[in-house]
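Trainee:
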Amino acid sequence: MMHELKLACEKNRLGELRSFLSDILKPKDLNEIVQNQLILAVEEVCANLIIHSHNCNPDDFIKLRVTDDAHKITFEIFDSGQAFNILEYEAPDLSKVIKEKRKGGIGILLVKKIMDKIEFESKNSQNVCRLVKQLKSK
Numbered sequence: 001m002m003h004e005l006k007l008a009c010e011k012n013r014l015g016e017l018r019s020f021l022s023d024i025l026k027p028k029d030l031n032e033i034v035q036n037q038l039i040l041a042v043e044e045v046c047a048n049l050i051i052h053s054h055n056c057n058p059d060d061f062i063k064l065r066v067t068d069d070a071h072k073i074t075f076e077i078f079d080s081g082q083a084f085n086i087l088e089y090e091a092p093d094l095s096k097v098i099k100e101k102r103k104g105g106i107g108i109l110l111v112k113k114i115m116d117k118i119e120f121e122s123k124n125s126q127n128v129c130r131l132v133k134q135l136k137s138k
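In terms of this note's numbering, the sequence shown opens at residue 1 and continues consecutively.
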C-alpha cells in the first residue's frame, strides 16, 4: 500500500506529520515502542529538512511517500532544498554532547540506529532520503 503527504516547510506542520504516520502504523502488527521509534526517525529527518534545508519557508514543501508490504515499510522523503546526505553525517562524540549539556545534534544518530537501511539520492535538484525498516514476522 502507498500513502503520500505533502507538507509545507513549517515546524508547526510536524504534528500533522506525526498524525499521518500514526494513522498508517496503527493497523500494522507493531508494538507501540517500534511505532514511536519509526515516527521519531521520520520526523527527525523531516524536521532537519524543514529547518536546515528550507529555513522554515512556508512556500517550500517536502513530500513523504510511505510504502509497505508484509516484510518492510519504506519512508521516502522528497525535497528540493539544499542537499544533505544523511549517509555522510558523522555523529558527534556523545560524551562531549553530555558533558557540554548540548541540546540537539544526536537526531541523525537515532535515525541510523532505528532504521535498517538508509539511502540518499540527489539528482536534478531533487533529493530523496529513503528509510527502510524490516518488519519482523511473528
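Ideal placement from N, C-alpha and C gives every residue a C-beta, glycine not left out.
I'd like to confirm the pairing. Which residues does DSSP put opposite A83 in its beta bridges?
Mentor: Taking the sequence shown and counting its residues from 1, the one referred to as residue 83 is at position 83. None, per the DSSP bridge assignment.
Trainee: Under 8 Å by Cβ, that's how I've got I77 and L49 pegged, so tell me the actual separation to the nearest angstrom.
Mentor: As a first step, residue 77 must be located in the sequence shown, where it is residue number 77. As a first step, residue 49 must be located in the sequence shown, where it is residue number 49. Yes, I77 and L49 are in contact; Cβ-Cβ is about 7 Å, under 8 Å.
Trainee: For K136, does the three-state DSSP call read helix, strand or coil?
Mentor: For this step, residue 136 is matched to residue 136 along the sequence shown. In the structure shown, K136 sits in coil (DSSP, three-state: anything other than H, G, I, E or B).
Trainee: Can you name the start and end residues of the alpha helix (DSSP H) that A47 belongs to?
Mentor: If you number the sequence shown from 1, residue 47 lands on position 47. Start and end: 32-48.
Trainee: Under the rule that 16 or more other beta-carbon atoms within 10 Å means buried, what is N127, buried or exposed?
Mentor: Reading the sequence shown from its first residue, position 127 is the one you call residue 127. N127 should be labelled buried.
Trainee: Is DSSP giving D158 helix, strand or coil here?
Mentor: Because the chain is modelled from 1 through 138, residue 158 falls outside the range shown and cannot be assessed.
Trainee: Just list the residues that DSSP pairs K63 with in beta bridges.
Mentor: As a working mapping, residue 63 is identified with position 63 in the sequence shown. Answer is K6, F78.
Trainee: Would a check of beta-carbon distances place D68 closer than 7 Å to chain C?
Mentor: No chain C appears in the structure shown, which is made up of a single protein chain.
Trainee: Got a sec? Which residues, its chain only, sit under 7 Å from Y129 by beta carbon, not counting five neighbours each side?
Mentor: Numbered from 1 along the sequence shown, position 129 holds the residue referred to as residue 129. The question names Tyr, but residue 129 in the sequence shown is Cys. If we look at C129 and ignore the five residues flanking it on each side, its Cβ neighbours are V45, I77, I86, F120.
Trainee: Please report how far the alpha carbon of E16 lies from the alpha carbon of R65, in whole angstroms.
Mentor: On the sequence shown, position 16 is the one that residue 16 refers to. On the sequence shown, position 65 is the one that residue 65 refers to. Answer to the nearest angstrom: the Cα atoms are 14 Å apart.
Trainee: Where do the N-terminal and C-terminal ends of the alpha helix (DSSP H) with D29 fall, by residue?
Mentor: Along the sequence shown, one-based indexing puts residue 29 at 29. Neither: D29 is in no alpha helix (DSSP H) and is coded neither H nor E.
Trainee: Skipping 5 residues on each side, what residues in its chain have a beta carbon closer than 7 Å to that of H71?
Mentor: The residue you call residue 71 lines up with position 71 of the sequence shown. So the list reads Q134, L135, once near-sequence residues are dropped.
Trainee: So the alpha helix (DSSP H) S19 belongs to, where does it begin and stop?
Mentor: Taking the sequence shown and counting its residues from 1, one reaches residue 19 at position 19. Its alpha helix (DSSP H) spans residues 14-25.
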